[in-house]
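Number of protein chains: 2
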Amino acid sequence: MAYRETEKMRQRKAEARKRIVDCTYQCVAEGGFRSARVTRIAGLAGVATGTIYRHFESREDLFAEIFRLATQREVDKVAEALASDGSAAERLEQALRQFAERALKGPQMAWSLIAEPVDPKVEEERLAYRKAYANLFEKAIREGIDEGCVPDQDARQSSTCLVGAIAESLVGPLSPTQTSEADSATEDNNDPLVNSIIRFCMQGLTGTRR
Amino acid sequence: MAYRETEKMRQRKAEARKRIVDCTYQCVAEGGFRSARVTRIAGLAGVATGTIYRHFESREDLFAEIFRLATQREVDKVAEALASDGSAAERLEQALRQFAERALKGPQMAWSLIAEPVDPKVEEERLAYRKAYANLFEKAIREGIDEGCVPDQDARQSSTCLVGAIAESLVGPLSPTQTSEADSATEDNNDPLVNSIIRFCMQGLTGTRR
DNA sequence: ACAAAGAATGAATAGTGATTCACTGCTTAT
DNA sequence: ATAAGCAGTGAATCACTATTCATTCTTTGT
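Sequence order for the protein chains is Z and R. In this text, residue positions in the first sequence follow our numbering: the first is 395, and each later residue adds one. In this text, residue positions in the second sequence follow our numbering: the first is 395, and each later residue adds one.
This is the structure:
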């Protein structure tokens with residue numbers, strides 16, 4: 395034996411992989427999945443195209459990983475909002491706001507995650523991603539029902555409606571053909587779009603006019 | 395001059411076009427847009443592939459037309475439900491039910507219209523289609539506000555939420571990988587899935603627990 | 001210094017199906 | 001019957017990139 399995988403090599407490979415991931419992320423954040431070419435990604439990452447395939451089975455797999463990564467950040471933020479103090483209803487409201495506001499702040503990526511037409515393997519990740527949100531919401535709704543601040547209902551079904559209502563409301567504003575620079579700087583709770591969405595959602599959950 | 399387009403010819407061409415449209419519709423209803431091959435469509439319609447291109451600019455254009463057609467039927471049904479008797483709230487409920495039940499009855503086509511990844515021109519039609527629903531709902535919500543059976547709100551925003559909530563709720567059940575033969579025969583108002591969706595939506599609109 | 005084993009390379013290939021277009025065959029008006 | 005002109009044909013072409021793989025370069029242990 396002469397060559398043995400050593401720590402140094404492992405690390406170097408990991409770095410290359412990370413560069414590939416980062417550059418893909420960047421490409422997607424700029425122009426979506428559809429326009430992200432393997433060749434360009436390789437170029438940005440400073441590796442040959444073939445090298446991509448030493449780290450990922452296929453372009454689709456690479457994209458699926460990027461999708462998972464981008465998604466995780468978002469889901470974590472929502473989970474965080476749901477883990478804060480306050481009644482379940484208050485926490486749900488915080489979470490919905492988090493979801494919507496973050497999307498509006500990074501519109502291209504948000505659009506890619508929510509609405510861009512993607513290949514089957516990536517679409518699968520999208521279903522998982524939406525389900526992840528739904529699961530978080532479902533749990534919070536259950537807590538709300540136990541606490542008594544949310545009336546009894548089919549928590550799973552309601553959580554799905556929440557995800558749908560937000561996603562649909564965002565598709566228009568996020569659509570790459572229409573995105574302006576306008577909303578980017580919003581920091582406070584006063585975006586009327588976000589507020590209307592939340593009002594509808596919270597009413598749907600609680601059946602209490604607000 | 396020797397050849398002149400005559401009524402007979404015009405009609406024959408129209409028939410060929412109709413056959414192409416019908417066969418495309420059938421293909422899509424069976425396996426979605428993605429799997430509908432131009433060659434197969436031509437075969438079914440009894441014309442050469444080239445003939446397709448005498449009637450449509452491109453496959454995408456053909457698909458866009460099929461999408462519009464399929465969509466029109468659905469939108470019309472919802473419009474019909476909204477035009478019936480009763481309070482605005484009652485009519486909205488009828489319309490939501492119509493939407494959901496029809497989708498569950500023709501799951502493959504409904505999935506293609508709601509969630510299948512499609513090319514840009516078709517995606518544009520989808521946006522228009524969703525907007526068409528939203529417009530109908532919006533009008534009804536406005537009427538409800540005037541009638542006093544629906545509290546004052548941003549009708550446009552609420553209508554978008556309605557469309558999103560239904561669509562998202564249907565994506566799972568319609569997904570081709572999961573569709574069973576189960577629900578197909580449901581004729582009455584008792585599908586619990588449909589009822590939960592409607593409950594959430596109507597609560598979201600009216601803020602009244604049901 | 002050397003050989004063994006990977007890792008990296010990137011030009012060439014391949015797979016896929018939409019689209020074209022030179023040709024054939026009808027239809028029509030005279 | 002004839003000629004002009006449009007409709008129909010479908011095998012061949014094209015476009016587009018993801019993917020491959022023979023080759024070159026690095027690393028490692030002796």
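Beta carbons are placed, not taken as given, at the ideal position from N, Cα and C, and that holds for glycine. All values reported here derive from a predicted model rather than from experimental measurement.
* Asked: What does Z:Asp548 reach in chain R if we use C-beta pairs closer than 7 Å?
  -> Ser590
* Asked: Along the region 528-549 of chain R, what residues have a CB closer than 8 Å to any CB found in chain Z?
  -> Pro545, Gln547, Asp548
* Proximal residues to R:Gly538 (C-beta, below 6 Å), its chain only, five neighbours per side dropped -> Ala482, Ala483, Val544
* For chain R, is any of its Cβ atoms less than 8 Å away from the one on Z:Asp598? -> The question names Asp, but residue 598 of chain Z in the sequence shown is Gly. With 8 Å as the cut-off, Z:Gly598 counts as an interface residue toward chain R.
* To do: Closer than 6 Å by C-beta to R:Ala458: which residues in its own chain qualify, once you throw out the five before and the five after it? Chain order, please.
  => Lys515, Val516, Glu519
* Asked: Among Z:Glu532, Z:Glu541, Z:Gly558, Z:Asp455, which residue has its Cα nearest to the Cα of Z:Arg550?
  -> Z:Glu532
* When the distance is taken between beta carbons, is Z:Ala473 closer than 8 Å to Z:Leu530? -> yes
* Asked: Taking Cβ positions only, does Z:Glu558 come closer than 8 Å to chain R?
  -> Correcting the residue type first, residue 558 of chain Z is Gly in the shown sequence and not Glu. Yes, because at least one Cβ of chain R sits closer than 8 Å to the Cβ of Z:Gly558.
* DSSP three-state call for R:Thr443: helix, strand or coil? -> helix
* Under three-state DSSP, which class holds Z:Thr400? -> coil
* Could you give the residue range of the alpha helix (DSSP H) that holds R:Cys543? -> No alpha helix (DSSP H) holds R:Cys543; DSSP gives it neither H nor E.
* **Contact belief for Z:Leu564 with Z:Ala494 at Cβ below 8 Å, rounded distance in angstroms** => 7 Å
* On the DSSP bridge assignment, give the partners of Z:Thr602 in chain order. => R:Thr602
* Check the Cβ-Cβ distances between R:Ala482 and every residue of chain Z, and say whether any is below 8 Å. => no
* **Cβ shell of Z:Arg485 (< 7 Å), same chain only, five flanking positions each side left out** => Ala475, Leu476, Ser478, Ala534
* **Interface residues of chain R facing Z:Gly601 [CB-CB closer than 8 Å]** => Gln597, Gly601, Thr602, Arg603, Arg604
* Cβ-Cβ separation, R:Gly440 to R:Arg462 (assumed contact under 8 Å), whole Å -> Actually they do not touch by this definition, with Cβ atoms about 24 Å apart.
* To do: Under 7 Å between beta-carbons, which chain R residues line up against Z:Val512? List them in chain order, please.
  => Pro511
* Report back the beta-carbon spacing between Z:Glu510 and Z:Phe427 to the nearest angstrom; my notes put them in contact at under 8 Å. => 6 Å
* In terms of residues, what are the limits of the alpha helix (DSSP H) holding R:Arg620? -> Nothing about residue 620 of chain R can be reported from this structure: the residues present for chain R run from 395 to 604 only.
* Shorter than 8 Å from the beta carbon of R:Glu409 to some beta carbon of chain Z? -> no
* To do: Output the distance between the C-alpha atoms of Z:Ala579 and R:Pro570, rounded to the nearest integer angstrom.
  => A caution first: Z:Ala579 carries a pLDDT of 49, below 50, which makes its placement in the model unreliable, though a value can still be read off. Each residue's alpha carbon lies about 41 Å from the other.
* Would you say Z:Phe427 faces chain R, with C-beta separation under 8 Å as the test? -> no
* Taking the CB atoms as reference points, tell me whether R:Val469 and R:Ala526 lie closer together than 8 Å. => yes
* **Contact set between R:Ala519 and chain Z, taken where Cβ atoms lie within less than 7 Å** => The residue asked about is misnamed: residue 519 of chain R is Glu in this sequence, not Ala. Those within 7 Å of R:Glu519 in chain Z number zero; the least Cβ separation is about 13 Å.
* Asked: With a Cβ-Cβ cutoff of 8 Å, do R:Asp513 and R:Glu454 count as a contact?
  -> yes
* With 8 Å as the threshold, decide whether the Cβ of Z:Ser506 is near any Cβ in chain R. => no
* **C-alpha gap between R:Arg411 and R:Val422, whole angstroms** => 16 Å
* At which residues does the alpha helix (DSSP H) containing Z:Ser506 begin and terminate? -> 501-508
* Closer than 8 Å to chain Z by CB, R:Glu562 -> yes
* Using a cut-off of 8 Å between C-beta atoms, extract the partners of Z:Asn465 located in chain R. => In the sequence as presented, Asn is not what sits at residue 465 of chain Z; that position holds Thr. The premise fails here: Z:Thr465 is roughly 16 Å from chain R at the closest Cβ pair, so nothing lies under 8 Å.
* To do: Examine chain Z for any beta-carbon lying closer than 8 Å to the beta-carbon of R:Ser552, and answer yes or no.
  => yes
* **Per-residue contacts from R:Phe461 into chain Z (C-beta, under 7 Å)** => Ordered by position in chain Z, no residue passes the 7 Å Cβ test against R:Phe461, which lies about 13 Å from the chain.
* **Coarse secondary structure for R:Pro511, derived from DSSP in three states** => coil
* CB-CB under 7 Å to Z:Lys471, same chain, minus the five flanking residues each way: which ones, in chain order? -> Gln492, Arg496
* Have a look at R:Leu438 and R:Ala430 and give me their C-alpha separation to the nearest angstrom. => 11 Å
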